[in-house]
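Visitor: The sequence shown: position 10 = 9 (numbering that gives the first Met the number 0), numbered continuously.
The structure's right below; bear with me while I get my questions together.
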Amino acid sequence: MSTGTVWALIGLCVLTTALTRGLGPAVTGDRELPAPVVRVVVLLSSGLLAALVVTAALADGTRLHVGADTAGVATAGLLLWRRAPVLVAVLAAAAVTAGLRALGVD
Numbered sequence: 000m001s002t003g004t005v006w007a008l009i010g011l012c013v014l015t016t017a018l019t020r021g022l023g024p025a026v027t028g029d030r031e032l033p034a035p036v037v038r039v040v041v042l043l044s045s046g047l048l049a050a051l052v053v054t055a056a057l058a059d060g061t062r063l064h065v066g067a068d069t070a071g072v073a074t075a076g077l078l079l080w081r082r083a084p085v086l087v088a089v090l091a092a093a094a095v096t097a098g099l100r101a102l103g104v105d
């Protein structure tokens with residue numbers, strides 16, 4: 000995928016997000032959304048974030064790839080799951096990734 004294509008996709012995501020955030024209040028006005036709709040909307044952001052993390056951690060261009068960066072993401076995820084501070088998780092992920100790359104793991 001070329002750099003131009005990546006930036007076009009990022010721009011499309013930004014535009015879609017802006018339109019979605021702008022159209023929501025315009026369509027609903029001051030009305031409250033039904034409870035089932037609110038539950039689904041709340042879950043959408045978590046699902047999207049999980050999909051982005053998995054794609055970033057396991058994708059290398061056009062194929063799946065598990066390497067040093069995947070181990071770093073897994074380290075951060077494990078530490079955050081165990082309620083470690085975000086700074087600790089980020090530093091540990093960077094250390095694991097750098098250590099594995101120094102050992103020759105790609």
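Glycine is no exception: its CB is placed at the ideal position from the N, C-alpha and C atoms.
Predicted model, so just to flag it, every value in this text is computed and none were measured.
Measuring alpha carbon to alpha carbon, tell me which of D68, S45 and A88 ends up nearest T96.
Guide: T96 has its Cα closest to that of D68, out of D68, S45 and A88.
Visitor: List in chain order: all unbroken alpha helix (DSSP H) runs of 4+ residues lying wholly within the segment 66 to 92.
Guide: The segment 66 to 92 contains these whole alpha helix (DSSP H) runs: 67 to 80.
Visitor: Going by Cα to Cα distance, which pick from P33, S44, R38 and G28 is closest to T16?
Guide: Of the candidates P33, S44, R38 and G28, the one whose C-alpha sits nearest the C-alpha of T16 is S44.
Visitor: Out of V72, W80 and V104, point me to the one whose CA is closest to A91's CA.
Guide: Closest option to A91, Cα to Cα, is V72.
Visitor: Please report the Cβ distance between L51 and A70, rounded to the nearest whole angstrom; I am assuming they are in contact, meaning their Cβ atoms lie under 8 Å.
Guide: The pair is not a contact, with the Cβ atoms about 18 Å apart (cut-off 8 Å).
Visitor: Are the CB atoms of V89 and A75 within a distance shorter than 8 Å?
Guide: Yes. Within cutoff.
Visitor: According to DSSP, simplified to helix, strand and coil, what is R38?
Guide: R38 falls in the helix class under three-state DSSP.
Visitor: Would you kindly work out how many angstroms separate the C-alpha atoms of L79 and V85, rounded to a whole number?
Guide: Rounded to the nearest angstrom, the two C-alpha atoms are 7 Å apart.
Visitor: Short of 8 Å in beta carbon distance, which residues of its chain neighbour D59, apart from the five on each side in sequence? Order them along the chain.
Guide: Closer than 8 Å at the Cβ level, and outside the excluded window around D59, lie G66.
Visitor: To the nearest angstrom, report how far apart A93 and L48 are at their CA atoms.
Guide: Each residue's Cα considered, the two are about 20 Å apart.
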